[in-house]
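Beneath this line is the structure, given in structure tokens, with notes to follow.
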Amino acid sequence: MTSPAFLADRTSRSTLPVRRRIAAYFTGGVGAVPELAGLLARRSRTVHELSVDIRDGVRESGLVCTVLLPADEVEALLTDLRALPGVVSAELA
């Protein structure tokens, strides 16, 4: 039988922030970056790395970042990113 203390410990671990790598693809070029970065800053505790790849003549641009989030907040962040205008996809990388 599992002890209640063990279960409580497992639950608290799932809410601890962990580095998560997120990739998003979007249209709109440089103009879309402030909104994407702003959402990341508001929704995650810390953005450790952020890189954006925008190329002339390519329809979609890419953004990859590492954020510090608990597991139970990851899907909400991805959903919020996907809801932004011009975002084609957002996933864990």
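Positions 46 to 138 (the working numbering) are the ones given, in order, by the sequence shown.
All C-beta atoms, glycine included, are put in the ideal place defined by N, C-alpha and C.
For clarity, every value in this text was computed on a predicted model and none was experimentally measured.
Exercise. G76 to L61, Cα distance in whole Å?
Worked result: If I take the Cα positions, the gap works out to 34 Å.
For this session: Indicate whether V133 and T72 have their beta-carbon atoms separated by less than 9 Å.
Result: Going by C-beta atoms, V133 is nearer than 9 Å to T72.
For this session: Would you list the one or two residues that DSSP bridges to V109?
Result: According to DSSP, V109 bridges with A68, S96.
Exercise. Since L81 and L123 are thought to touch, with beta carbons under 8 Å apart, how far apart are those beta carbons, to the nearest angstrom?
Worked result: With 8 Å as the limit, L81 and L123 do not qualify as a contact, their Cβ atoms being about 13 Å apart.
For this session: Over the uninterrupted beta strand (DSSP E) stretch that includes V20, give me the two end residues.
Result: Absent from the structure is residue 20, since the part of the chain shown begins at 46 and ends at 138.
For this session: Find the nearest neighbour of A121 within the set I99, G74, R87, judged by alpha-carbon distance.
Result: Ranked by Cα distance from A121, the first of I99, G74, R87 is R87.
For this session: Can you grab the Cα-Cα spacing for the pair L108 / D125, in whole Å?
Result: Roughly 15 Å between the two C-alpha positions.
Exercise. Alpha carbon to alpha carbon, how far is D98 from S106?
Worked result: D98 and S106: Cα-Cα distance of roughly 6 Å.
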